[in-house]
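Going by this note's numbering, 108 is the number at position 108 of the sequence shown; the sequence numbering is gapless.
By construction, the Cβ of each residue, glycine as well, lies at the ideal position given by its N, Cα and C atoms.
Quick notes on the structure that follows.
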Amino acid sequence: MDLIANNLKNIHKRIETALLQNNRPPHSVKLLAVSKGQPITAIYAAIQAGQLCFGENYLQEALNKIDSIPNKAIEWQFIGNVQSNKTKLIAENFSWVQSVDRIKIAERLNQQRPQYLPPLNVCIEVNVSHEENKSGVALHELFELASAIKPLANLKLCGLMTVPAPGKTFAQQRIPYQKLRLAFAELVAKGFKLDTLSMGMTDDFEAAIAEGSTLVRIGTGIFGFRK
Ligand SMILES: *Cc1c(COP(=O)(O)O)cnc(C)c1O
1 MDLIANNLKN
11 IHKRIETALL
21 QNNRPPHSVK
31 LLAVSKGQPI
41 TAIYAAIQAG
51 QLCFGENYLQ
61 EALNKIDSIP
71 NKAIEWQFIG
81 NVQSNKTKLI
91 AENFSWVQSV
101 DRIKIAERLN
111 QQRPQYLPPL
121 NVCIEVNVSH
131 EENKSGVALH
141 ELFELASAIK
151 PLANLKLCGL
161 MTVPAPGKTF
171 AQQRIPYQKL
181 RLAFAELVAK
191 GFKLDTLSMG
201 MTDDFEAAIA
211 EGSTLVRIGT
221 GIFGFRK
């Protein structure tokens, strides 16, 4: 069997095992294939194997791929740092942006989302590990940002995303994900209608699933190392 198809099968198996071990319903985690730094051929191999959701970090690279894969069934998600001069092309070409961490970016995406498309699904990226020089809003600023995004009609605030500092052990990996889960629960308690907790990457997605992740973002685990 093709390597990428085999990797996808294994990741799905590990996701379902983690769900079972944590008494969570089957198929309650969505798999986003992170294809940054990977060639189009790798994306085609994943599509052949049934994968339809792809995450990209760099706009130009993503646009080249989106243009050369004219398959309407594919969902493209932007997961990289959003620069304000790139918001228009992002609003026009993606169905999700997981990495909103400033109101200015949210407002621009809202203004620039074409009316012929459904509202842009967004997640707020949270910097739970308090790392400097890292994107993501601080936990204490999260409620204010979520409240500011809520009334923007062309955006649909779906949930939260985080990229924590790598943890060495399973227990360490769970700590930032637990923080994001609690922040998510607090927003839901305050009336936000959220359903997406985007956490977990190749090296730690089982810890994220133990903490309630609903969407894992896997790159190297599917495609191997990237350039
Ligand atoms: C690159 C990237 C991933 C995937 O990381 P892997 O370790 O290759 O699985 C997930 N999320 C974000 C935001 C990324 O930039």
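Scanning the region 85–123 from its first residue to its last, the whole alpha helix (DSSP H) runs of 4-plus residues come out as 87–93, 103–112.
Around residue 49, the same chain offers 2, 4, 5, 8, 9 as residues with beta carbons nearer than 8 Å, after the five sequence neighbours per side are excluded. Per DSSP, residue 174 is one residue of the alpha helix (DSSP H) stretching across 170–189.
Residue 9 sits in a helix when the DSSP states are folded into three classes. Note that the C-beta distance between residue 76 and residue 90 is not below 7 Å. Taking every protein chain shown into account, the CB of residue 19 has 16 or more other CB atoms within 10 angstroms, so this residue is buried. Measuring C-alpha to C-alpha distances from residue 176 to each of 188, 144, 108, 138 identifies 138 as the nearest. Rounded to the nearest angstrom, the gap between the Cα atoms of residue 178 and residue 107 is 29 Å.
Rounded to whole angstroms, the Cβ separation of residue 83 and residue 125 is 14 Å, and the two are not in contact under 8 Å. Our two residues, residue 57 and residue 78, have alpha carbons roughly 6 Å apart in a direct line.
Assignment of residue 17 by DSSP, reduced to helix, strand and coil, places it in the helix class. Comparing C-alpha distances from residue 117 to each of 194, 163, 155, 52 shows the shortest one belongs to 155.
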